[in-house]
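Visitor:
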Amino acid sequence: MGAWKDRLRHRLPRMAVVVHDLAMVWVCWQGLHYLRYALQPTPLDLAPFSSTVAIVLVAQGLVSWRVGLYRGLWRFASVPDLLNIFKASVVGLLAVVAGLFFYSRLDLVSRAALLLYPFVLTVLLGAPRLIFRAWKDHSLQQAVEGAERVLILGAGQAGEALVRDLRRLGRYDPIGFLDDAASLRGTRLQGLPVLGRIAEVARIAKETGAQLLVIAMPSVDATVMRRVIELCEESHLPFRTVPRLTDVLEGRSLPGQLKEVAIEDLLGRQPRSPDWKAIRGWLGGRSVLVTGAGGSIGSELCRQCARHGAKRIALVEIDELALLTTTAELRRDFPGIDCVPVLGDCGDQAVIAHALKLVEPESVFHAAAYKQVPLLQGQLREAVRNNALATHVVAKASREANVGTFVLVSTDKAVDPVNVLGASKRLAEMACQALVDARSTRMVTVRFGNVLDSAGSVVPLFREQIRRGGPVTVTDPDVTRYFMTIPEACLLILQAASIGAQQAVYTLDMGEPVPIRVLAEQMIRLAGKQPGKDVAIEYIGLRPGERLHETLFHADERYSSTIYPEILQAEPRAVMPERVTQALERLWAGVRAYDLEALAHALREAVPEFTPVEDETGNRPATVVVFPGRRAKAR
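In structure tokens:
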């Protein structure tokens with residue numbers, strides 16, 4: 006009984022709309038014919054209801070239902086709804102004419118009434134909808150007493166949509182727009198005035214009594230965003246922004262959701278437009294295995310694979326809490342995906358063989374690695390074992406299991422290694438290269454720089470230091486790093502892996518290097534504080550294994566473009582498989598014996614380009630190659 010009442014309660018508004026629309030059709034048809042025949046010397050006596058009227062109601066009702074007129078909500082009626090009403094009226098007229106022609110050869114049907122019918126019906130159906138929406142909007146505005154007064158920066162489509170969302174929430178009271186477009190000056194959008202230019206935000210916010218600023222410019226570049234943030238800070242008011250369209254499409258944000266301005270909004274990373282068709286064609290309906298599935302990159306790879314059509318995902322992770330968390334999230338957000346958690350060390354041959362047997366993957370993403378440069382300088386054994394030897398174990402097992410594609414997630418520190426992390430990852434690349442066989446598993450390596458907000462990275466460290474009141478510790482005033490967001494990096498990994506080469510080393514365009522000092526200053530400002538005044542910046546010197554600038558390209562590797570401009574393919578430096586195998590055996594012996602001296606010697610022999618940063622001289626030849634299509638910037 007309760008379920009029946011619920012269904013009836015939900016259907017009553019739709020039924021009321023149908024009754025209203027049919028009544029308007031009756032008024033339109035009868036009214037036009039009454040006016041037409043009322044002008045005659047002897048007016049025709051029109052029956053209020055007849056077989057002709059019945060045909061009109063049935064024909065127009067069916068057409069309105071077919072074009073979706075009863076699916077829309079009056080509360081959100083807009084111009085597209087009016088266009089749909091006009092479409093229904095025109096198509097309905099054709100259906101009415103056809104029906105009446107077969108019924109009565111259009112006897113007593115006014116041709117003038119037929120011509121006016123779609124226009125009059127559009128007004129009769131559209132006007133009540135717009136009036137209802139205006140009334141609801143007015144009611145909401147009356148109900149927001151005490152709501153936060155919001156000034157919106159940006160009078161484009163995002164700003165217009167934001168006004169609707171803010172009014173719907175009821176907690177905010179939009180009071181106007183600011184926009185630099187001269188054509189918008191003095192106009193009104195959604196009933197709100199465009200009050201001036203964005204540069205006038207401090208003055209206009211004070212004059213209007215604004216309590217919150219919202220930046221509704223999701224597509225502007227980082228330079229413009231930084232300038233807008235500076236202007237917002239001058240107003241001394243809190244400010245928020247709207248999510249980017251890519252974040253909404255990927256499910257990371259909701260439309261109309263206000264969020265804090267994040268550091269990635271200010272770093273110059275423009276949204277990419279991946280080839281979704283290629284990624285889904287490569288992943289769709291397939292099984293994949295991800296090592297390091299609980300880490301920043303590994304967990305996002307799992308999400309992206311699930312989002313783009315993978316049917317089964319094996320998650321290999323040594324951290325039980327990270328594995329539990331990622332598995333639970335995937336099962337919650339993607340209930341149709343078969344998630345298979347495997348707790349264990351991917352460097353253990355039995356563990357990886359078991360995982361491969363469980364899901365029989367077409368693709369393996371090897372994201373498990375140690376990444377902390379200063380720590381690994383004193384942990385040579387674990388760096389070699391986990392970053393290099395475990396990679397060889399997973400890659401070899403993948404080849405023996407006839408996996409279609411093995412993808413190694415590498416780093417820019419492997420290009421010209423000066424620390425243990427870089428050398429161990431370079432050896433991992435060489436180990437994969439040595440396993441290449443034209444008739445077996447594709448071996449793909451993808452290199453990129455730092456990712457924002459990954460565990461243990463500089464962004465969460467700075468955030469915590471700012472929360473404690475400082476100081477924010479920066480190694481050197483001139484140090485720079487390349488940055489990319491985690492979702493962007495993972496999308497480009499999938500994009501690169503989908504290209505199809507049997508063996509490839511891909512390098513991602515990381516944009517321009519970011520001075521860490523500037524990053525620290527921007528994060529302090531985003532927290533509502535002033536660098537050097539509220540929060541100090543302290544320079545502590547380069548840590549073991551660190552250098553001022555990272556390199557993305559090596560002079561001994563030739564780079565060619567791919568079909569995607571943000572991805573380059575490197576021609577790998579030549580390696581001899583026999584020598585790589587021998588080096589790995591010596592390193593295994595050093596790992597088993599925990600012989601650090603033997604490990605250091607074997608690593609230097611295996612990776613001849615490895616020159617520890619403390620051994621560098623000022624005369625070392627440069628190995629930096631600028632990403633094609635972008636100008637080199639002087640260091």
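In the working numbering, the protein residues as written are 6 to 640.
We treat Cβ as the ideally placed atom computed from N, Cα and C, and that holds for glycine.
On a predicted model such as this, the values are computed, not experimentally measured, just so you know.
Provide the residue span of the beta strand (DSSP E) that contains VAL321, from first to last.
Guide: 317–322
Visitor: At which residues does the alpha helix (DSSP H) containing PHE244 begin and terminate?
Guide: No alpha helix (DSSP H) contains PHE244, which is instead part of the beta strand (DSSP E) from 244–246.
Visitor: Would you please state the rounded distance, in angstroms, between the beta carbons of ALA100 and VAL72? I believe it to be under 8 Å.
Guide: Going by Cβ atoms, the distance from ALA100 to VAL72 rounds to 11 Å, so no, they are not a contact pair.
Visitor: With DSSP as the reference, label MET581 as helix, strand or coil.
Guide: MET581 carries a coil assignment under DSSP once its states are collapsed to helix, strand and coil.
Visitor: Please tell me whether VAL479 and ALA525 are closer than 9 Å, where the distance is taken between their beta carbons.
Guide: yes
Visitor: Where are the beta strand (DSSP E) runs, 3 residues long or more, that stay fully inside the stretch 527–555, in chain order?
Guide: 542–544
Visitor: Who are the near neighbours of CYS351 in its chain, counting only those whose CB is closer than 6 Å to its CB and skipping five residues on each side?
Guide: Taking CYS351 as the centre and dropping the five residues before and after it, the same chain places the C-beta of THR296, VAL321, ILE357, ALA373, ALA395 and VAL399 closer than 6 Å to its C-beta, in chain order.
Visitor: Does the stretch 370–390 come close enough to the stretch 329–347 that 3 or more CB-CB pairs lie under 8 Å?
Guide: Contact between the stretch 329–347 and the stretch 370–390 is absent, because fewer than three Cβ pairs lie under 8 Å.
Visitor: Flag LEU601 as yes if its beta-carbon sits less than 9 Å from any beta-carbon of chain B, otherwise no.
Guide: The structure shown has no chain B; it contains just one protein chain.
Visitor: Tell me which same chain residues have a C-beta within less than 6 Å of the C-beta of VAL441, skipping the five on either side of it?
Guide: MET448 and GLN508
Visitor: Measure the C-alpha to C-alpha separation of MET435 and ARG231 and round it to an integer number of angstroms.
Guide: Rounded to the nearest whole angstrom, the C-alpha separation of MET435 and ARG231 is 41 Å.
Visitor: Would you say the beta carbon of LEU189 is closer than 8 Å to some non-hydrogen atom of the ligand ADP?
Guide: With respect to small molecules bound, the structure shown includes none, and the ligand ADP cannot be examined in it.
Visitor: Helix or strand or just coil, what does DSSP make of GLY36?
Guide: helix
Visitor: For PRO520, list the residues DSSP reports as bridge partners.
Guide: THR485
Visitor: Provide the residue span of the beta strand (DSSP E) that contains GLU576, from first to last.
Guide: 572–576
Visitor: Sort LEU513, THR416, GLU543 and ALA419 by Cα distance to VAL477 and report the nearest one.
Guide: GLU543
Visitor: If you run the structure through DSSP and keep just helix, strand and coil, what is VAL114?
Guide: coil
Visitor: Going straight from the alpha carbon of ALA221 to that of LEU547, what length do you get?
Guide: 39 Å
Visitor: So the candidates are GLY595, LEU557, GLY505 and PRO520; which of them puts its Cα closest to the Cα of ILE568?
Guide: GLY505
Visitor: Mind pulling the alpha helix (DSSP H) runs of 4 or more residues that sit fully within the stretch 163–250?
Guide: 206–213 and 227–240
Visitor: Report yes if the C-beta distance between TYR511 and THR450 is below 9 Å; otherwise report no.
Guide: yes
Visitor: Leaving out the 5 sequence neighbours to the left and right, which residues in its chain are closer than 8 Å to LEU236 when beta-carbon positions are compared?
Guide: ILE203, ALA204, VAL206 and ALA207.
Visitor: Given a cut-off of 9 Å, decide if ILE234 and LEU271 are closer than it, judged by their beta-carbon atoms.
Guide: Against a cut-off of 9 Å, the Cβ pair of ILE234 and LEU271 comes out as a contact.
Visitor: Measuring straight from C-alpha to C-alpha, what distance separates ALA315 and LEU174?
Guide: Rounded to whole angstroms, ALA315 to LEU174 spans 36 Å at the Cα level.
Visitor: Nearest to ARG172 by CA position, among VAL155, ARG444, TYR599 and PHE488, is which residue?
Guide: VAL155
Visitor: Which term fits ARG473, buried or exposed, when burial requires 16 or more other beta carbons within 10 angstroms of its beta carbon?
Guide: exposed
Visitor: Does the beta-carbon of ALA333 have 16 or more other beta-carbons within 10 angstroms, so that it is buried, or is it exposed?
Guide: Of the residues assessed, ALA333 falls on the exposed side of the cut-off, its CB having fewer than 16 other CB atoms within 10 angstroms.
Visitor: For VAL168 and ARG176, I'd like the C-alpha separation in whole angstroms.
Guide: Each residue's Cα considered, the two are about 12 Å apart.
Visitor: Using alpha carbons as the reference points, say which of ALA419, SER415 and ASP514 lies closest to PRO570.
Guide: ASP514
Visitor: Taking a contact to mean a Cβ-Cβ separation below 9 Å, would you say ARG584 touches ALA603 in this structure?
Guide: no
Visitor: Anyone know if the C-beta pair for ILE268 and GLN527 falls short of 9 Å?
Guide: yes
Visitor: Assuming the contact rule is C-beta atoms closer than 8 Å, LEU263 and ALA298 should be a hit. Round their C-beta distance to whole Å, please.
Guide: So it is not a contact: roughly 32 Å between Cβ atoms.
Visitor: Nearest to THR331 by CA position, among HIS359, ILE302, ALA215 and GLN354, is which residue?
Guide: ILE302
Visitor: Would a C-beta distance cut-off of 9 Å place GLN65 and VAL30 closer than the cut-off?
Guide: Their beta carbons are under 9 Å apart, which means GLN65 touches VAL30 by this criterion.
Visitor: Which one or two residues does DSSP pair with ASP514 in a beta bridge?
Guide: In the DSSP output, where bridge partners are listed per residue, ASP514 has none listed.
Visitor: Hey, quick one: how far does the beta strand (DSSP E) through PHE411 stretch, first residue to last?
Guide: Segment 410–414, the beta strand (DSSP E) holding PHE411.
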